[in-house]
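Only one structure is covered here, and it is reproduced in the block below.
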Amino acid sequence: MVVKVQPLGGVRAALRVIDAAGVPAIVSSLYETSVGLAAGVALAAALPDLPFACGLGTASLLAGDVVADPLVPQRGVLPVRRPDPDPALLARWRVEG
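Here it is as structure tokens:
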């Protein structure tokens, strides 16, 4: 099954859904900045078995990111880390509403 962290309410909630389903899961993202992708990476890292590739390499599809060091795959791998938002980039990509 394909699991997306944000619609399920976070990593712990997603882990409960995966556990209840009892089938292999892959983690995928919506179009999120590296801050959102980090939650998907954390979920993937928390799975006891990850037999398939995840769909978390989407940061490069955005026009920009809110972190200075975006989470982008290097040779097919994303690091497990929590990127810090950059105040200047937050201001740059702020959405007026």
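The number in the numbering used here is simply the position in the sequence shown, starting from 1, with 144 added. The beta carbon of each residue, even a glycine, is placed where N, CA and C say it ideally should be. Source: prediction; values computed, not measured.
query                                                                                                   : result
G184 versus L205: straight-line alpha-carbon distance, rounded                                          : 16 Å
Nearest residue (CA-CA) to A247, options T202, L159 and Q218                                            : With the chain covering 145 to 241 only, the question about residue 247 has no answer from this structure.
Residues near S178 by beta carbon distance below 6 Å, same chain, minus five either side                : A203, D209, V211, P214, L215 and P227
I170 - partner residues in DSSP beta bridges                                                            : V146
Buried versus exposed call for L234 [16 or more other C-beta atoms within 10 Å across all chains shown] : exposed
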